[in-house]
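Below: one structure, written as structure tokens.
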């Protein structure tokens, strides 16, 4: 029997069958909760995601009172027309569409402010690229970074 894929939109429940996660919501007042969430992810993931509750906008998906996925965005430079979006999902909650839901909520908010949302990820991070595509982003460029 084929499973029907459920389409998810920002501001709606993440999945009707996943009662543990509430819809994406603003996460600016959840610094302590976010710190506890980030502690459950690797330092490398936290660094690469660059999600911060004090960015211009931040959204979280919650399991009870715990953040299980978070996304934030900040304008890229003074007077920027673009806002860079970051996302991170708890290892225990990956593969459920939570990252995609918070990215969509963040992008929608950014668009409402008149900015263009930008989603960047490492080319080798297949899961993050899929999150971006699932949230409606399309590839428009690649660049090399010398380390």
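Numbering (our numbering), first residue to last: 3 to 149. Backbone N, C-alpha and C fix where the C-beta goes; we use that ideal spot for every residue, glycine too.
ask   = In angstroms, rounded to a whole number, what distance separates the CA positions of residue 108 and residue 88?
value = Spanning the alpha carbons of residue 108 and residue 88 requires a straight line of approximately 9 Å.
key: Beta-carbon spacing of residue 78, residue 85 below 8 Å   = Taking 8 Å as the Cβ cut-off, residue 78 and residue 85 qualify as a contacting pair.
query = DSSP three-state call for residue 134: helix, strand or coil?
reply = In the structure shown, residue 134 sits in a helix (DSSP, three-state: H, G or I).
key: Inter-residue Cα distance where the pair is residue 51 and residue 116   = Between the alpha carbons of residue 51 and residue 116 lies a gap of roughly 23 Å.
request  = Please go through the same chain and pick out, in chain order, the residues whose beta-carbon is closer than 7 Å to the beta-carbon of residue 142, but skip the five residues on each side of it.
outcome  = Cβ neighbours of residue 142 within its own chain (closer than 7 Å, five residues either side excluded): none.
inquiry  = Am I right that residue 102 and residue 136 are in contact with their C-beta atoms under 8 Å? What's the rounded C-beta distance?
reply    = Cβ atoms of residue 102 and residue 136 come within 8 Å of each other, at about 4 Å.
ask   = Mind checking residue 80: buried by the 16 CB within 10 Å criterion, or exposed?
value = Under this definition residue 80 is an exposed residue.
inquiry  = Can you find the residues in the same chain that come closer than 7 Å, C-beta to C-beta, to residue 3, ignoring five residues on each side of it along the sequence?
reply    = With a pLDDT of 42 at residue 3, under the threshold of 50, the modelled position of this residue cannot be trusted; read the value that follows with caution. Excluding residues within five positions, none has a Cβ falling inside 7 Å.
request  = For my contact list, residue 43 and residue 92 are in at a C-beta cut-off of 8 Å; report their separation, rounded to the angstrom.
outcome  = Right, the Cβ-Cβ distance comes to about 7 Å (below 8 Å), so this counts as a contact.
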